[in-house]
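Heads up: the structure comes next, in structure tokens.
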Amino acid sequence: MENQNYLIIANPNAGGGKVKKDWPIIEPFLKEIIKNYEVIFTEHRHHAIKLVSTKIEESNYRKIISIGGDGTVNEVVNGIFTQNTIATKDIQLGVIMVGTGNDWGKMFDIPLDYEKAISLIPKAKTFIQDVGQVSYFVGEQESTRYFINCAGLGFDALVTETTNKSKDQGNSSTLSYFKSLIGSLIKYKPVDVKVHIDNREILDGKLFTLSLGIGKYTGGGMQQNPDAVADDGLFDLMLVDKIAKTKLVRKIKKLYDGSIKDIEEVQSYRVNNMKVESDHKLMLEVDGESLGHAPFTFGIIPESLQVIIR
Numbered sequence: 001m002e003n004q005n006y007l008i009i010a011n012p013n014a015g016g017g018k019v020k021k022d023w024p025i026i027e028p029f030l031k032e033i034i035k036n037y038e039v040i041f042t043e044h045r046h047h048a049i050k051l052v053s054t055k056i057e058e059s060n061y062r063k064i065i066s067i068g069g070d071g072t073v074n075e076v077v078n079g080i081f082t083q084n085t086i087a088t089k090d091i092q093l094g095v096i097m098v099g100t101g102n103d104w105g106k107m108f109d110i111p112l113d114y115e116k117a118i119s120l121i122p123k124a125k126t127f128i129q130d131v132g133q134v135s136y137f138v139g140e141q142e143s144t145r146y147f148i149n150c151a152g153l154g155f156d157a158l159v160t161e162t163t164n165k166s167k168d169q170g171n172s173s174t175l176s177y178f179k180s181l182i183g184s185l186i187k188y189k190p191v192d193v194k195v196h197i198d199n200r201e202i203l204d205g206k207l208f209t210l211s212l213g214i215g216k217y218t219g220g221g222m223q224q225n226p227d228a229v230a231d232d233g234l235f236d237l238m239l240v241d242k243i244a245k246t247k248l249v250r251k252i253k254k255l256y257d258g259s260i261k262d263i264e265e266v267q268s269y270r271v272n273n274m275k276v277e278s279d280h281k282l283m284l285e286v287d288g289e290s291l292g293h294a295p296f297t298f299g300i301i302p303e304s305l306q307v308i309i310r
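Numbering-wise (the numbering used here), the sequence shown opens with residue 1 and increments by one.
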């Protein structure tokens, strides 16, 4: 039997502990507006994946609310996509953004005000978006991860790793991200890679950075793929093989105002799938979560996730 209640997954550590701190503010709105729900707090990284998958299979939940940042949303989505009981597009996902970047929420204009965001959920205005899938390696072990906003390689992934380490030390802000970006720029060295998109090679040489987008925002408001469309069945790909670091610093405003394609070193593509090989340590991040190493295989699952929007 279909479960009409909401399953709420809340990450108390999101936003540098903001969910835990603001819970006395959030909970009364949930009681007043959502009413019938079960709330579970995550206890460690990846906990939400198992919680969501198990709860859907055991209790037939079709309405799920994520309370946290982009990483929490990513884990909830991975829970939805790793269960085999209900079709993914038959599950409604609502999001209360309490993270640092909140980039997925920007795409759909999800308000940061708790009451306004929670009030959207029962109205159930939904959008069916695409979902990305990547296979990667940790040592000899191949793994799969789903993502709903963006994946990054090279410099992009180093910035994310540096930012996540900063978050673990209690530094969670847009300024912290900007410091991570500048610090990563100083120490990053491009590595040799091979990049194939839709069965054709577009790079055999050094990679500076690569961003594969379903959504247009990353890193707390940067627009690396400003023309990305979340339901067109394609990724937007931004690739830079080489660029002078001093030039990137001078042009950094273009990362935020949507004019990144004006930089001559930026290559843009629309792609269905991508393969990346490297004999070097090439890092990967998806939706702000640092993962394993190459080789990587990316694919897109068109119109497969029902999200509640404004």
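Positions of the beta carbon are idealized from the N, C-alpha and C atoms, including for glycine.
Starting from residue i, trace the beta strand (DSSP E) both ways and give me its first and last residue.
{"i": "residue 208", "result": "Unbroken run through residue 208: none, as it is neither H nor E."}
{"i": "residue 144", "result": "141-147"}
{"i": "residue 1", "result": "Run containing residue 1: none; DSSP gives neither H nor E here."}
{"i": "residue 197", "result": "191-197"}
{"i": "residue 29", "result": "Careful: residue 29 lies outside any beta strand (DSSP E), inside the alpha helix (DSSP H) at 14-29."}
{"i": "residue 94", "result": "92-97"}
{"i": "residue 40", "result": "37-41"}
List the endpoints of the continuous alpha helix (DSSP H) containing residue i.
{"i": "residue 74", "result": "70-81"}
{"i": "residue 47", "result": "47-59"}
{"i": "residue 136", "result": "Here residue 136 belongs to no alpha helix (DSSP H); instead the beta strand (DSSP E) covers 126-138."}
{"i": "residue 114", "result": "114-123"}
{"i": "residue 154", "result": "Careful: residue 154 lies outside any alpha helix (DSSP H), inside the beta strand (DSSP E) at 150-154."}
{"i": "residue 103", "result": "103-107"}
Return the Cβ separation of residue i and residue j in integer angstroms, given the expectation that the two are a contact with Cβ distance under 8 Å.
{"i": "residue 227", "j": "residue 236", "result": "6 Å"}
{"i": "residue 191", "j": "residue 120", "result": "Residue 191 to residue 120, Cβ: 43 Å. No contact."}
{"i": "residue 39", "j": "residue 98", "result": "That pair is no contact at about 14 Å."}
{"i": "residue 284", "j": "residue 267", "result": "Not confirmed; about 19 Å, so no contact."}
{"i": "residue 6", "j": "residue 65", "result": "6 Å"}
{"i": "residue 154", "j": "residue 207", "result": "5 Å"}
{"i": "residue 128", "j": "residue 179", "result": "Incorrect: roughly 37 Å between the Cβ atoms, too far for contact."}
{"i": "residue 308", "j": "residue 126", "result": "6 Å"}
{"i": "residue 274", "j": "residue 212", "result": "7 Å"}
{"i": "residue 271", "j": "residue 197", "result": "4 Å"}
{"i": "residue 67", "j": "residue 34", "result": "11 Å between Cβ atoms; not a contact."}
{"i": "residue 56", "j": "residue 85", "result": "6 Å"}
{"i": "residue 230", "j": "residue 214", "result": "5 Å"}
With a 10 Å radius around its C-beta and 16 neighbouring C-beta atoms as the bar for buried, classify residue i as buried or exposed.
{"i": "residue 186", "result": "exposed"}
{"i": "residue 138", "result": "exposed"}
{"i": "residue 1", "result": "exposed"}
{"i": "residue 101", "result": "buried"}
{"i": "residue 156", "result": "buried"}
{"i": "residue 259", "result": "exposed"}
{"i": "residue 124", "result": "exposed"}
{"i": "residue 54", "result": "exposed"}
{"i": "residue 182", "result": "exposed"}
{"i": "residue 149", "result": "buried"}
{"i": "residue 4", "result": "exposed"}
{"i": "residue 87", "result": "exposed"}
{"i": "residue 32", "result": "exposed"}
{"i": "residue 118", "result": "buried"}
{"i": "residue 246", "result": "exposed"}
{"i": "residue 209", "result": "buried"}
{"i": "residue 305", "result": "buried"}
{"i": "residue 75", "result": "buried"}
{"i": "residue 62", "result": "buried"}
{"i": "residue 249", "result": "exposed"}
{"i": "residue 216", "result": "buried"}
{"i": "residue 205", "result": "exposed"}
{"i": "residue 112", "result": "exposed"}
Is there at least one Cβ from chain B nearer than 7 Å to residue i's Cβ?
{"i": "residue 118", "result": "Note that chain B does not occur in the displayed structure, where there is just one protein chain."}
Quiz prompt | At least 3 beta-carbon pairs within less than 8 Å: the stretch 137-144 vs the stretch 154-162 | solution = no
Quiz item: Taking contact to mean at least 3 C-beta pairs separated by less than 8 Å, is the stretch 285-304 in contact with the stretch 69-79?
Solution: yes
Exercise. Tell me, please, whether the stretch 129-136 touches the stretch 45-52 by the rule of three or more beta-carbon pairs shorter than 8 Å.
Key: no
Exercise. Would you check if there are 3 or more beta carbon pairs closer than 8 Å linking the stretch 100-113 to the stretch 260-278?
Key: no
Quiz prompt | alpha helix (DSSP H) runs contained entirely in the stretch 222-307, provided each spans 4 or more residues | solution = 245-250, 253-257
Exercise. Would you check if the stretch 189-204 and the stretch 86-96 touch, i.e. whether three or more CB-CB distances between them fall below 8 Å?
Key: no
Quiz item: Does the stretch 7-15 come within contact of the stretch 26-40, defined as at least 3 CB pairs closer than 8 Å?
Solution: With the rule of 3 Cβ pairs closer than 8 Å, the stretch 7-15 counts as touching the stretch 26-40.
Quiz item: Do the stretch 207-223 and the stretch 249-264 meet, that is, are 3 or more Cβ pairs less than 8 Å apart?
Solution: yes
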